[in-house]
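Going by the working numbering, the sequence shown wraps up at 586, each residue one higher than the last. Right, one structure below, let's go through it.
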Amino acid sequence: MRQLRRDERGSVLVVVAVAVPTLMVIMAMAIDFGNWWVHKRQLQNRVDAAALAAGVAYGTLFKDCATSPDATGAAITNVAKQYAGVGSSYNASVNDPAKLTVKVNATSLDTADGSAGGPCSAHAADDISPAGSYWTEVAARENRVASFFAGFGVPTPTIAARARVALMRASSASGMRPFVLADAAAVSCVSATYPNGTVALARVGGSTTQWSGTPSFTMPGADAPISIKVGCGSGAPSYPQSAYVTRVQTSGQQPRLTNIRLQPAAASSCTNGNPYFIPRNGAPCQMTVTATVSFANSNNQFVRAQVGNDNPFNLTHGSGNDWSGTFTVNPRTGVGPNGAQPVKILARNTANGSYSTIGEARIQAGTAANQGPIANVVLQNYARATGQPLGQITVTLRGLNPNEVVTPDAGADCGSGNLSSQFDNGCSGPFQIKSGTAPCRTTAPFDCLGGIGDGELSTLSDGNDNSNYNRRWAPGSSCTANRWPSNISPGDPRLVTVFLTDALPAKQDGNDEYPITGFGAFYVTGWDGAPSRCNGQNDPRPDDAASGAVWGHFLKLVLPSANGTAGTEPCNPGDSAACVAVLVR
2 MRQLRRDERG SVLVVVAVAV PTLMVIMAMA IDFGNWWVHK RQLQNRVDAA
52 ALAAGVAYGT LFKDCATSPD ATGAAITNVA KQYAGVGSSY NASVNDPAKL
102 TVKVNATSLD TADGSAGGPC SAHAADDISP AGSYWTEVAA RENRVASFFA
152 GFGVPTPTIA ARARVALMRA SSASGMRPFV LADAAAVSCV SATYPNGTVA
202 LARVGGSTTQ WSGTPSFTMP GADAPISIKV GCGSGAPSYP QSAYVTRVQT
252 SGQQPRLTNI RLQPAAASSC TNGNPYFIPR NGAPCQMTVT ATVSFANSNN
302 QFVRAQVGND NPFNLTHGSG NDWSGTFTVN PRTGVGPNGA QPVKILARNT
352 ANGSYSTIGE ARIQAGTAAN QGPIANVVLQ NYARATGQPL GQITVTLRGL
402 NPNEVVTPDA GADCGSGNLS SQFDNGCSGP FQIKSGTAPC RTTAPFDCLG
452 GIGDGELSTL SDGNDNSNYN RRWAPGSSCT ANRWPSNISP GDPRLVTVFL
502 TDALPAKQDG NDEYPITGFG AFYVTGWDGA PSRCNGQNDP RPDDAASGAV
552 WGHFLKLVLP SANGTAGTEP CNPGDSAACV AVLVR
């Protein structure tokens with residue numbers, strides 16, 4: 002018996018017989034878990050790549066979200082699906098495309114694309130993105146992942162992954178060019194100053210460009226030129242004689258002007274429908290002047306109007322005391338030193354003799370120097386008697402409109418080197434948006450720009466083939482293609498990133514500092530000194546462009562993450578600021 006207990010022959014076989022199946026199960030589990038992990042990792046890579054591809058697509062397509070959200074959203078969705086591997090060779094990996102379910106902006110993997118709102122929709126807040134965010138979320142599921150246990154009736158696993166790219170307003174940027182655009186959406190204060198007082202204006206509803214207010218004081222004893230100040234603080238620029246209130250009389254001398262009004266002569270005349278204020282670069286405007294004049298007697302009544310220094314013309318007597326006539330004013334010529342065109346009313350009550358000037362209205366029309374960012378000024382009453390209440394004034398600032406040809410409002414000293422090197426190599430930064438009232442930063446990231454003074458941009462367009470402008474946009478014997486308004490790629494040399502600021506003084510003296518309120522994109526369609534080989538590509542030069550000007554179109558831009566840092570505010574397709582596509586999930 003003692004000998005049998007010592008005999009352990011065959012026990013190893015028993016242990017092995019028990020251990021090997023267990024080890025095989027463990028090994029199979031390890032292989033399966035490893036395989037599942039690889040599939041999960043590869044699936045996550047797919048949706049990450051798809052979301053980032055959507056972010057790149059936003060770069061050139063987001064500007065179209067405001068006008069064609071469905072078509073643009075579908076295009077972004079298709080790009081995302083391509084990079085997710087659906088029906089394409091992109092991102093080949095261990096995942097079997099035949100087993101994949103991919104959805105874009107869906108509430109679940111079993112609902113339709115866009116059921117959570119399309120890529121061009123402003124989404125409600127959730128646990129990842131704030132309200133108003135534009136994002137593209139890609140979700141994928143791989144069914145029936147291969148498993149050692151599948152043959153034993155064990156259900157095959159299903160794995161899923163999800164990624165989201167969101168558009169956020171850029172808080173900092175690099176790779177800029179030394180151009181500055183005034184952005185009406187960033188203006189914080191607008192006021193109107195009359196000879197006898199100032200009224201602070203308030204934004205009209207949710208508008209970024211309209212401001213309105215009503216003076217608490219009354220009409221002074223003479224014509225009232227109105228100065229519009231755009232911006233806060235003593236250094237903010239003012240634009241004198243932006244509008245006028247004409248003094249009329251209710252009693253006293255005769256002939257007496259009791260009212261005067263201007264109106265477009267036809268519906269198609271006057272660009273903005275306001276004959277008192279013609280936008281810079283506006284077309285010649287045909288308008289009618291109507292003067293209400295009372296006379297001491299009913300005989301020998303004569304009324305004329307004189308526009309600027311032109312010859313007077315007779316007005317025709319209508320009903321009651323109204324006299325009217327039609328004339329044309331061109332905002333590009335003959336508008337006076339401050340852009341104000343007087344329309345004088347002259348009258349006499351005798352058969353012979355001279356005419357007396359009994360009053361005048363004023364048309365504000367001119368260039369960037371006297372209108373600056375002001376697009377329109379509307380007064381509730383343009384003619385008032387002394388002591389009468391003054392009506393509401395509404396000021397519309399010139400927003401950045403992609404449909405209009407614009408020129409950068411100024412150049413800027415934006416880093417090391419001279420203006421030429423800053424243009425060729427980009428501004429040295431980085432730069433960030435200025436917040437609060439603290440002084441401008443003197444170390445990076447910079448939040449203000451130094452002014453360079455009027456005329457210095459002309460050094461970039463010295464009229465020869467080797468000018469800075471021509472080296473970039475017309476190198477060698479070529480001219481870069483003007484692709485506006487479509488087919489613009491992020492690498493297009495005519496697409497440049499520029500600085501936005503709230504308001505610019507009418508005359509830059511080189512000592513100004515511009516707070517950076519954002520970053521924008523500008524597509525160049527023409528420039529001073531362009532060679533003749535660009536004649537078929539470039540747009541005509543704007544009438545009020547300064548020497549050395551570049552002209553083109555503002556457009557909404559989504560910066561690559563390498564050139565911008567995302568802030569905390571959602572991107573808004575309706576404003577001017579550049580955005581950054583960032584992976585948030």
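Backbone N, C-alpha and C fix where the C-beta goes; we use that ideal spot for every residue, glycine too.
_Nearest by alpha-carbon distance to residue 573: which of 123, 257 and 75 is it?_
123
What residues in its chain sit with their C-beta under 7 Å from that of residue 275, if we drop five residues either side in the sequence?
-> 377 and 379
Discussion item. If distances are taken between C-alpha atoms only, which option among 384, 322 and 353 comes closest to residue 597?
Written reply: Outside the shown range of the chain (2 to 586) lies residue 597, about which nothing can therefore be said.
* Within 10 angstroms of its Cβ, does residue 462 collect 16 or more other Cβ (buried), or is it exposed? -> buried
query = With C-beta atoms as the reference, is residue 304 less than 8 Å away from residue 328?
reply = no
Going by beta-carbon coordinates alone, are residue 220 and residue 391 separated by less than 8 Å? yes
Sequence-distant residues of its chain with Cβ nearer than 7 Å to residue 434 (five each side left out):
Contacts found: 172, 448, 517, 518 and 519.
Exercise for review: Please list the segments of the alpha helix (DSSP H) lying wholly inside the stretch 352–430, counting only runs of 4 or more residues, in order along the chain.
Suggested key: 369–372 and 420–426
Q | Cβ neighbour criterion (16 or more within 10 Å) applied to residue 443 | A | By the neighbour-count criterion, in which 16 or more other beta carbons inside 10 Å mark a residue as buried, residue 443 falls on the exposed side.
| said: Between the alpha carbons of residue 209 and residue 527, how many angstroms are there, rounded? | reply: Cα-Cα distance, rounded: 28 Å.
**Asked** So, are the CB atoms of residue 232 and residue 503 less than 8 Å apart?
**Response** yes
Name the two residues that bound the continuous beta strand (DSSP E) containing residue 77. Looking at the DSSP string, residue 77 is not in any beta strand (DSSP E); the run it does join, the alpha helix (DSSP H), is 70–84.
Next on the checklist: Would you call the stretch 573–583 in contact with the stretch 534–547, where contact means no fewer than 3 C-beta pairs closer than 8 Å?
Outcome noted: no
Can you find at least 3 beta carbon pairs, one from the stretch 477–497 and one from the stretch 552–565, that sit closer than 8 Å? yes
Does the Cβ-Cβ distance between residue 287 and residue 306 come in under 8 Å? no
Is residue 475 closer than 8 Å to residue 531 when the C-beta atoms are compared? yes
Tell me which residue opens and which closes the alpha helix (DSSP H) that residue 473 is part of. 469–474
query: Between residue 584 and residue 53, is the Cβ-Cβ spacing less than 8 Å?
result: yes
Can you tell me which of 212, 342, 324 and 300 puts its alpha carbon nearest to the alpha carbon of residue 311?
342
In or out: residue 218 buried (at least 16 other Cβ within 10 Å) or exposed? exposed
* Should residue 314 be labelled buried (16 or more other beta-carbon atoms within 10 Å of its own) or exposed? -> exposed
So does the stretch 62–79 actually touch the stretch 174–182, counting three or more Cβ pairs closer than 8 Å? no
Item to complete: Can you grab the Cα-Cα spacing for the pair residue 301 / residue 348, in whole Å?
Response: 10 Å
- Between residue 246 and the rest of its own chain, which residues show a CB-CB distance below 8 Å, the 5 nearest in sequence each way excluded? 195, 220, 224, 225, 227, 380, 382, 383, 384, 385 and 391
- Task: Work out the CA separation of residue 167 and residue 570 for me, nearest whole Å.
- Result: For residue 570 and residue 167, the distance between alpha carbons rounds to 11 Å.
- Taking just the CA atoms, how far does residue 187 sit from residue 396? 15 Å
Which of helix, strand or coil does DSSP assign to residue 305?
strand
Exercise for review: Measure the beta-carbon distance from residue 401 to residue 184 and round it to whole angstroms, keeping in mind my assumption that it falls under 8 Å.
Suggested key: 6 Å
DSSP beta-bridge partners of residue 286: 330
Give every residue of the same chain whose Cβ lies closer than 6 Å to the Cβ of residue 1, excluding the five residues on either side of it in the sequence, and list them in chain order. Residue 1 cannot be examined here, being either before or after the span of the chain that is shown, 2 to 586.
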